[in-house]
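Asker: Residue numbers (UniProt numbering): 1 to 262.
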């Protein structure tokens, strides 16, 4: 039924989707259950893998599609999983929720560990890049970087910066910008015009110190979604994705990819 699975319906490529999940037609949903990702069979490793390689990261970790929320579908995702990226539509309902959430957290407060790496998004349509940086930065102890990795250098340089300073630094950081621009158009039959309204957005979900954080460069701070563990992280992250879907039950454009051990 509605909301029972991560779904994909007519996701059009947007300029922000450098890490667009696989661009194949979705599988036929079984028994009418909505499906979340892209192709039948084994989880696929596509554009994000190229992007990680370009940034100088060894392929010990790879992005794979998450097909749905049911245990049998989550069991297809190789473990461990250290991050989940969610692609979702920015709608009026979502924007209303985002404003209310921000006001609620500002009033009540929340615990955010100082070790969470968070940056703001100031570059238009770079949410996929920011999502990737959030995913890698908060798992940098697990990553195997090439000696001359542009992302490793960016993270080392920006570690002591504020979220706003990191955003400004990315604006000037040629190596990652060039990667973002070349990946954005890779595999597209027709590049979207600069003026095309981009209404799809990426966020990262990560486990830092046993808490599940939502990292979205459009928001003023990370969102703490409560406790998690290495073993339960994928299931916990998918529950957060489910809330996004339940807030917008008419929408079909949801997609999740997991950064999992290769």
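Note that the Cβ used here is the ideal one computed from N, Cα and C, for glycine as well.
(1) Could you tell me whether the Cβ atoms of residue 66 and residue 223 are closer together than 8 Å?
(2) Check whether the segment 142-158 touches the segment 71-79, counting contact only when three or more Cβ pairs, one atom from each stretch, lie closer than 8 Å.
(3) Can you name the start and end residues of the beta strand (DSSP E) that residue 208 belongs to?
(4) Sort out for me which residues DSSP pairs residue 260 with in a bridge.
(5) Span of the beta strand (DSSP E) holding residue 214?
(6) So residue 223 is in the beta strand (DSSP E); what residue range does that whole segment cover?
(7) Going by DSSP in three states, residue 73 sits in which element: helix, strand or coil?
(8) CB residue 138 to CB residue 112, shorter than 8 Å?
(9) Please tell me whether residue 57 and residue 145 are closer than 8 Å, where the distance is taken between their beta carbons.
(10) Give me whichever residues DSSP pairs with residue 124 in a beta bridge.
(11) Going by beta carbon distance, what residues of the same chain come within less than 7 Å of residue 215, once the five residues before and after it are set aside?
(12) If contacts are defined as beta-carbon pairs under 8 Å, then residue 262 and residue 48 qualify, I think. What distance do you get, rounded to the angstrom?
(13) What separation, rounded to the nearest whole angstrom, lies between the Cα atoms of residue 126 and residue 71?
(14) With the cut-off set at 8 Å, would you say residue 256 and residue 73 are in Cβ contact?
(15) Does the Cβ of residue 121 have 16 or more other Cβ atoms within 10 Å, making it buried, or fewer, making it exposed?
(16) Give me the Cα-Cα distance between residue 243 and residue 69, rounded to the nearest whole angstrom.
(17) Considering only C-alpha positions, which residue in the set 82, 124, 106 is nearest to residue 171?
Answerer: According to the structure data:
(1) no
(2) no
(3) 200-208
(4) 62, 81
(5) 211-215
(6) 223-227
(7) helix
(8) no
(9) yes
(10) Note: residue 124 sits in no beta bridge, so no partner.
(11) 118, 134, 203, 204, 206, 222
(12) About 12 Å; that fails the 8 Å criterion.
(13) 32 Å
(14) no
(15) buried
(16) 12 Å
(17) 124
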